[in-house]
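Chemist:
4 protein chains.
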Amino acid sequence: MKQFDTKAFELDLDVKSAVPIYEQVKNAVKLAIFTKKLVEGDKIISIRDLSAQYGINPLTIMKAYNYLEIDGFLYSRKGTGYYVHFDNEKLKKERKGFFRKQVSEFLKKIASLGYTVDDFLKELKKHTK
Amino acid sequence: MKQFDTKAFELDLDVKSAVPIYEQVKNAVKLAIFTKKLVEGDKIISIRDLSAQYGINPLTIMKAYNYLEIDGFLYSRKGTGYYVHFDNEKLKKERKGFFRKQVSEFLKKIASLGYTVDDFLKELKKHTK
Amino acid sequence: MKQFDTKAFELDLDVKSAVPIYEQVKNAVKLAIFTKKLVEGDKIISIRDLSAQYGINPLTIMKAYNYLEIDGFLYSRKGTGYYVHFDNEKLKKERKGFFRKQVSEFLKKIASLGYTVDDFLKELKKHTK
Amino acid sequence: MKQFDTKAFELDLDVKSAVPIYEQVKNAVKLAIFTKKLVEGDKIISIRDLSAQYGINPLTIMKAYNYLEIDGFLYSRKGTGYYVHFDNEKLKKERKGFFRKQVSEFLKKIASLGYTVDDFLKELKKHTK
DNA sequence: GTGGTCTAGACCACC
DNA sequence: GTGGTCTAGACCACC
Chain A
1 MKQFDTKAFE
11 LDLDVKSAVP
21 IYEQVKNAVK
31 LAIFTKKLVE
41 GDKIISIRDL
51 SAQYGINPLT
61 IMKAYNYLEI
71 DGFLYSRKGT
81 GYYVHFDNEK
91 LKKERKGFFR
101 KQVSEFLKKI
111 ASLGYTVDDF
121 LKELKKHTK
Chain B
130 MKQFDTKAFE
140 LDLDVKSAVP
150 IYEQVKNAVK
160 LAIFTKKLVE
170 GDKIISIRDL
180 SAQYGINPLT
190 IMKAYNYLEI
200 DGFLYSRKGT
210 GYYVHFDNEK
220 LKKERKGFFR
230 KQVSEFLKKI
240 ASLGYTVDDF
250 LKELKKHTK
Chain C
259 MKQFDTKAFE
269 LDLDVKSAVP
279 IYEQVKNAVK
289 LAIFTKKLVE
299 GDKIISIRDL
309 SAQYGINPLT
319 IMKAYNYLEI
329 DGFLYSRKGT
339 GYYVHFDNEK
349 LKKERKGFFR
359 KQVSEFLKKI
369 ASLGYTVDDF
379 LKELKKHTK
Chain D
388 MKQFDTKAFE
398 LDLDVKSAVP
408 IYEQVKNAVK
418 LAIFTKKLVE
428 GDKIISIRDL
438 SAQYGINPLT
448 IMKAYNYLEI
458 DGFLYSRKGT
468 GYYVHFDNEK
478 LKKERKGFFR
488 KQVSEFLKKI
498 ASLGYTVDDF
508 LKELKKHTK
């Protein structure tokens, strides 16, 4: 019964990745919040359970949850667990910032490959057809 | 006259960056090859000269050149230096494939944040101004 | 107890050899994998421990592990160590292909010296005695 | 007319190879002698011509010819060039030694891949069919 | 504890 | 001159 009222989230953990595990956990939670799979007040899966499910060190998960708490995505209640803190205003801003970062990084990347924006727009047409 | 027949490449080195120095060097060389500033057979600036120019340890540069050799962008001739191995066919395919992967991953990412292509195009205008 | 869950491998290190130390380490690990003394998921002895055991610089061992990672034999998890990545299918094919290439090259070489397969078989007997 | 009475030899030069160029030259000459394409008294292609043909540094070729002279495969006549010294006895021994080295190295290699002599004999059948 | 990057400097083979 | 290997040691992020 232990997970009765908690909400899990999708986590494509890749231990072989260069991206630190705590970052992967952080990103998975944020994505779930951005896409409203996790909403205000939801109790998130416990450190212990997540640790057991994926064979990750609990300290690593705690680090992820801690950062998420600092960033205002979660809050902790001693003895009960971590909960989603859906601050609509802040979220919007964060989401926008996240998006912009994605765009800017992407543009840098293709530039470093010698591609122009026009090349991208052409490629885009193949995807939007 | 010592660098008479070698070709340098643009390198915006940022020692404070989180991106390792050897990665920055790697990317700069790759970009020069992708954009055909360096072509098949060109002799690239020597480890020692590049080391001296930027105050980077020679080992760090060798690491970069080494990875580029593994990836087939350079080859080394002991006693003479590193040369560009511009395999046009393979290169084109790799570059195109890499680009497409970037585009497709990017589109997925923004979609998962609830953004549309139009949102992106709007954002794009801010960058291209 | 620190090495409780790591697996060592046989390493006949010869510091005086013309074969670089990192190559010797690489070959020892590959052999252990080819002969299934190391299998998928096994945690390999840490850079530091191996370094201490043989009095080799950690960087040298890291270089070996690094190449093995590039070749897909190992993968690293920051903070925990290097693990064997035994892709059975790929491995079998590679090993077989490599072996065949060796045989075919060898046969060509001795033929070009004017030796026959029978000459080889005679020579072989001296080795297998 | 300059090459009127000199004999060339096949040289598959691979500047990208890890094998030093002077070694490649040495081996090519030796192979030509072992297979009797070059025989006693033949005048071998001059350092200058070989250098020009392959774009190799003359010093590198001189090094190869020097070693071959030391090993008794060539002798030099000041002002005229290098000549093949076909010492039948010595040659036989060298050839035999070369062969044995090939065999022994080959056996080590396949052993390091985890293959047995029996595996080799099976593979051999496919080649001798 | 683990791997990852970087340095300063030595010494070698090759051209 | 060139690349290639190795060391001793510092400092960092991650678990």
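Chains as they are written, first to last, in the numbering used here: chain A, 1 to 129; chain B, 130 to 258; chain C, 259 to 387; chain D, 388 to 516.
For each residue, glycine too, the CB sits at the ideal point set by N, CA and C.
1. Can you tell me which of the three DSSP states G372/C falls into?
2. Restricting to Cα atoms, I'd like to know which of K90/A, K109/A, F86/A, K125/A is closest to F227/B.
3. Whole alpha helix (DSSP H) runs in the stretch 431-482 of chain D with 4 or more residues, listed along the chain?
4. Determine the direct distance from the alpha carbon of D14/A to that of L91/A, and round the result to whole angstroms.
5. Count the other CB atoms within 10 Å of the CB of Y462/D; is the residue buried (16 or more) or exposed (fewer)?
6. How far does the alpha helix (DSSP H) with L31/A in it extend, from its first residue to its last?
7. Among the residues of its own chain, which have a CB less than 8 Å from the CB of K155/B, if the five just before and after it don't count?
8. To the nearest angstrom, how far is the alpha carbon of M62/A from that of E89/A?
9. Look at the alpha carbon of M316/C and the alpha carbon of V277/C, and state the distance between them as a whole number of angstroms.
10. Given a cut-off of 8 Å on the beta-carbon distance, is the pair S433/D and T393/D in contact?
11. Taking all protein chains shown into account, do 16 or more other C-beta atoms lie within 10 angstroms of the C-beta of K159/B, making it buried, or fewer, making it exposed?
12. Can you tell me whether Q153/B is buried or exposed? The criterion is at least 16 other CB atoms within 10 Å of its CB, across all chains shown.
13. Contact check, V84/A vs L253/B under 8 Å by CB: the rounded distance?
14. Taking the alpha-carbon of D399/D as reference, which of E481/D, L425/D, Y441/D has the nearest alpha-carbon?
15. Going along chain A in order, which residues have a C-beta closer than 9 Å to the C-beta of G333/C?
16. Based on DSSP bridge pairs, tell me the residues matched to K136/B.
17. So, K43/A versus F9/A, is the Cβ gap smaller than 8 Å?
18. Please list the partners that P20/A has in chain C, where partner means a Cβ-to-Cβ separation under 9 Å.
19. What do you get for V39/A, buried or exposed, if any count of 16 or more other CB atoms within 10 angstroms of its CB means buried?
20. Tell me the DSSP secondary structure of L271/C in three-state form.
21. May I have the straight-line CA-CA distance separating I314/C from E223/B, to the nearest angstrom?
22. Return no unless some Cβ of chain B is closer than 8 Å to the Cβ of G114/A.
23. Using beta carbons (cut-off 8 Å, strictly below), is F120/A in contact with chain B?
24. Answer yes or no: does any C-beta atom of chain C fall closer than 8 Å to that of Q489/D?
25. Alpha carbon to alpha carbon, how far is Q360/C from I279/C? Give it in angstroms, no decimals.
26. If we define contact as Cβ-Cβ less than 8 Å, is I239/B a contact residue for chain A?
Modeler: Judging by the given coordinates:
1. If DSSP states are grouped into helix, strand and coil, G372/C belongs with coil.
2. Distances from the CA of F227/B to each of K90/A, K109/A, F86/A, K125/A were compared; the closest alpha carbon is that of K109/A.
3. For the stretch 431-482 of chain D, whole alpha helix (DSSP H) runs of length 4 or above, ordered along the chain, are 434-441, 445-457.
4. Spanning the two alpha carbons is a distance of roughly 27 Å.
5. Per the 10 Å Cβ criterion, exposed.
6. Looking at the DSSP string, the run of the alpha helix (DSSP H) that includes L31/A is 21-34.
7. Excluding sequence positions up to five before and after K155/B, its CB lies within less than 8 Å of the CB of A193, Y196, L197, all in the same chain and listed in chain order.
8. About 26 Å.
9. Just to set this straight, residue 316/C is Pro in the shown sequence, not Met. Whole-angstrom Cα-Cα distance: 18 Å.
10. With a cutoff of 8 Å on beta-carbon distance, S433/D and T393/D are scored as near each other.
11. Counting Cβ neighbours within 10 Å, K159/B comes out buried, since at least 16 surround it.
12. Answer is buried; the Cβ neighbour count reaches 16.
13. The pair is not a contact, with the Cβ atoms about 32 Å apart (cut-off 8 Å).
14. Of the listed residues, the one whose Cα sits closest to D399/D is Y441/D.
15. The amino acid occupying residue 333/C in the given sequence is Tyr; Gly does not appear at that position. By Cβ distance, chain A contributes V15, K16.
16. In the DSSP secondary-structure assignment, K136/B is bridged to I173/B.
17. It is not a contact, given that the beta carbons lie outside the stated cut-off.
18. Chain C residues near P20/A: K336, G337.
19. Within 10 angstroms of the beta-carbon of V39/A lie fewer than 16 other beta-carbons, which makes it exposed.
20. Judged by DSSP in its simplified three-state form, L271/C adopts coil rather than helix or strand.
21. In this model, I314/C and E223/B are separated by some 38 Å (Cα to Cα).
22. At least one chain B Cβ lies under 8 Å of G114/A.
23. Residue contact with chain B for F120/A: present (Cβ-Cβ distance below 8 Å to some residue of chain B).
24. Interface residue (Cβ-Cβ distance to chain C less than 8 Å): Q489/D is classified as such.
25. Take the alpha-carbon of I279/C and the one of Q360/C: they are about 23 Å apart.
26. At least one CB of chain A lies nearer than 8 Å to the CB of I239/B.
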